[in-house]
Amino acid sequence: MQSWFRATHHCAACGFRFDRSESGYEVGSLAVNTSLTLVLLVAGILASVTLGWPTPNWQAITIAMVLAALALPVVIFPWSKALYLALDVSFRPPAPGDFTATPPA
């Protein structure tokens, strides 16, 4: 990744293109990001309620989960893109068209 929100287009070593040249490829990454966010939020809610049982502080849990729901998608963005690419490559192995025409030296 070049920065937190800008990824490189291909691998510097082998020339593998990270977008796999399909229309709508980012939708899969978005689905992984949303799924990971929901799993982490549910885990946080369950942990908070379990640790605070029998009288969990619902106001604190609500505020914490709203803040987490706003921050988590941004925080886990690079990892969700990498996880989606790994899942995609495991189901569709790279073909010659997935590499740049002239890989870097």
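Going by the working numbering, the letters in the sequence shown line up with residues 108 to 212, in that order. Backbone N, C-alpha and C define an ideal beta-carbon position, used for all residues, glycine too. From a predicted model like this one, the values you see are computed outputs, not experimental measurements.
Just checking, does the stretch 115 to 134 make contact with the stretch 146 to 155 on the three C-beta pairs under 8 Å criterion? no
Out of curiosity, what's the CA-to-CA distance linking L174 and A154? As a working mapping, residue 174 is identified with position 67 in the sequence shown. As a working mapping, residue 154 is identified with position 47 in the sequence shown. Cα-Cα distance, rounded: 16 Å.
Selected residue, minimal CA-CA separation from S142, among P161, C121, L179 and G204: Here the question's residue 142 lines up with position 35 in the sequence shown. Among P161, C121, L179 and G204, the Cα nearest to that of S142 belongs to L179.
Any chance you could list the beta strand (DSSP E) runs of at least 3 consecutive residues sitting entirely within the stretch 124 to 172, in chain order? none
Take P201 as the anchor and find which of S110, H117 and W186 has the nearest alpha-carbon. To locate residue 201, count along the sequence shown from 1; it is residue 94. For P201, the nearest C-alpha among the options comes from H117.
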